[in-house]
Structure formats: C-alpha cells, structure tokens
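J.: In this note's numbering, the protein residues as written are 37 to 288. Beta carbons: idealized from backbone N, C-alpha and C, even for Gly. Note that the structure is a prediction, hence the values are computed from the model and not measured.
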C-alpha cells in the first residue's frame, strides 16, 4: 500500500490536535491574536494576520477601558467575532496542513521506490562469478527475467489473463473539468455522488462558474481531505466572462 493510500483521510485525533489553536481564540481577545498569528505564520494566510492584528488592537482597547462604560459590551463583541473568524479559518488551515503531509508522504514513497529500483537494477546487472572448471552458458540463453514477471504470471493464472497484459501500464486518465462537466461526469469524481454533483451544478449555474477546484469542492459539500484527493482527478478552467453591454437602453 502506498503512502498516499494510507493517508487517504485524516483521523479524529489529528483533526482535534491541529485545531487546538482555537483554544486561544475561545479564551478571549487577550490570547486570540496569538492563535491567529500562528496560523498566519505557518499557512501564510493574510486573513489570519489581519484577524490577529484586529483582535490584538481591540483587545488592548478593551483592557485599557478606552470605551468607557461600553468596554464590557465591546469586549463581548470582539470575543464572539474572534470565535466566528477562527471557525471560518480552521477548514482552510486543516486543508493546508493535510496537503503538506500528503505531499511529504508521497515524496518519501517516491524516494523509497527509486532506491528499490536502483538496487534491483544493480543486482540484475552485477555479473555472477563463474566457478573454476564450469562451462559458460550459451549465448542463446535468454536473460534473467525481472522481479515483476513471476508475480505477473501468478496473477495471470489466477484471473485467466496473460502476464504481458498485467505488465502493461494503463494510460493516464484525463482530469475532469468541473467548469464544463455534466452532473453524471462529476458524480464519478472521488467523494462525489449524484446528489452532490447536482448540487454543485446548481451552484455553478447560479454563480456563473467556479474559481478553482477548492471552490467546486466546497460547493459540493466535500470535506478538506476529500478536496485534497479531488485535485488529482479534476481541474477547473477559467470562468466564462459575461457579455458586456455599452451605453444605456432607452425605451421609446
């Protein structure tokens, strides 16, 4: 099983642990700015920096009672606003960290596969030491088969196919364009069904198209880890421009 297959979906422990920065937001404006700046520094999100600066400045004004008798009311509004902004930023924060984890796992898997392939080629290419007095093999003898052929023959006998068919590499599937695909085509994408596909088509018709694959995934109601899997099977072409009209229309 590949590394990306093992990381198909994040566990609840990972989701709760990565979302622990919200504790600073729930405590109040005095600590909320710390959580926002952590998210901004790691994920490089401008919205988190803006929320952290606003929370810190407003929290300072409340602590110094700049608002006078309205300080308690302003503090409650800032506290509630920080919680709402934090909950809105958390899905993007989870998606960013999960994409980095999947990319790192794929990179480790690719390096491990490359090392294994190099070792196999070196073993195959190494000449065997001939014993003294033994005769050399005739030149007409075929070369040693690769390590994949015995496994392919065993699987071929099981399913009733030839080993050459199993050794052939499948052609890559062309990504589905979520900007122009029908509901039936969208329903075949990872994490989608007919209901989610029809919902996405309605949103696309209403808004005039999608801005990105992430925009499509959110419109279809997908989770962050499902949107990550969707990137390898879907693409999003630019939104069609609406026709422009010049001048004013006068009714006669």
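With a cut-off of 8 angstroms on the beta carbons, I'd call residue 89 and residue 121 a contact; round off their distance for me.
T.: So it is not a contact: roughly 12 angstroms between Cβ atoms.
J.: Run the CB neighbour count on residue 148, radius 10 Å, all protein chains shown included, and call it buried at 16 or more, exposed below.
T.: Residue 148 should be labelled exposed.
J.: Tell me whether residue 263 is buried or exposed, calling it buried when 16 or more other Cβ atoms sit within 10 Å of its Cβ.
T.: That one is buried.
J.: Quick one: give me the first and last residue of the alpha helix (DSSP H) that residue 88 is part of.
T.: 82 to 99 is the span of the alpha helix (DSSP H), which, as asked, contains residue 88.
J.: Anyone know if the C-beta pair for residue 130 and residue 260 falls short of 7 angstroms?
T.: Contact flag set, yes.
J.: Please state the DSSP three-state secondary structure of residue 264.
T.: DSSP places residue 264 in helix when its eight states are reduced to three.
J.: Please go through the same chain and pick out, in chain order, the residues whose beta-carbon is closer than 6 angstroms to the beta-carbon of residue 230, but skip the five residues on each side of it.
T.: Result list for residue 230: 223, in chain order.
J.: Mapping DSSP to helix, strand and coil, what is residue 213?
T.: Of the three classes helix, strand and coil, the one that applies to residue 213 here is strand, per DSSP.
J.: Who does residue 271 pair with in a DSSP beta bridge?
T.: According to DSSP, which records beta bridges pairwise, residue 271 is partnered with 213.
J.: Please classify residue 50: does DSSP put it in a helix, a strand, or coil?
T.: In the structure shown, residue 50 sits in a helix (DSSP, three-state: H, G or I).
J.: What's the gap between the Cα of residue 249 and the Cα of residue 228?
T.: Cα to Cα, the separation comes out at about 13 angstroms.
J.: Using a Cβ-Cβ cutoff of less than 6 angstroms, which residues in the same chain neighbour residue 239 once the five nearest sequence positions on both sides are dropped?
T.: Only 255 meet the Cβ criterion.
J.: Since residue 84 and residue 76 should fall inside the 8 angstroms C-beta cutoff, what is the C-beta to C-beta distance between them, to a whole number of angstroms?
T.: Yes, they are in contact, since the Cβ atoms of residue 84 and residue 76 sit about 4 angstroms apart, within 8 angstroms.
J.: What did DSSP end up calling residue 102 once you bin it into helix, strand or coil?
T.: Three-state result, residue 102: coil.
J.: With contact counted as at least three CB pairs below 8 angstroms, one residue from each stretch, are the region 268 to 278 and the region 211 to 219 in contact?
T.: Counting Cβ pairs under 8 angstroms, three or more are found: they touch.
J.: In its own chain, which residues sit with a C-beta less than 8 angstroms from the C-beta of residue 247, not counting the 5 before and 5 after it?
T.: For residue 247, where only same-chain residues beyond five positions count, the Cβ hits under 8 angstroms are 272, 275.
J.: Could you please give the first and the last residue of the uninterrupted alpha helix (DSSP H) stretch that includes residue 66?
T.: First-last of the alpha helix (DSSP H) with residue 66: 65 to 79.
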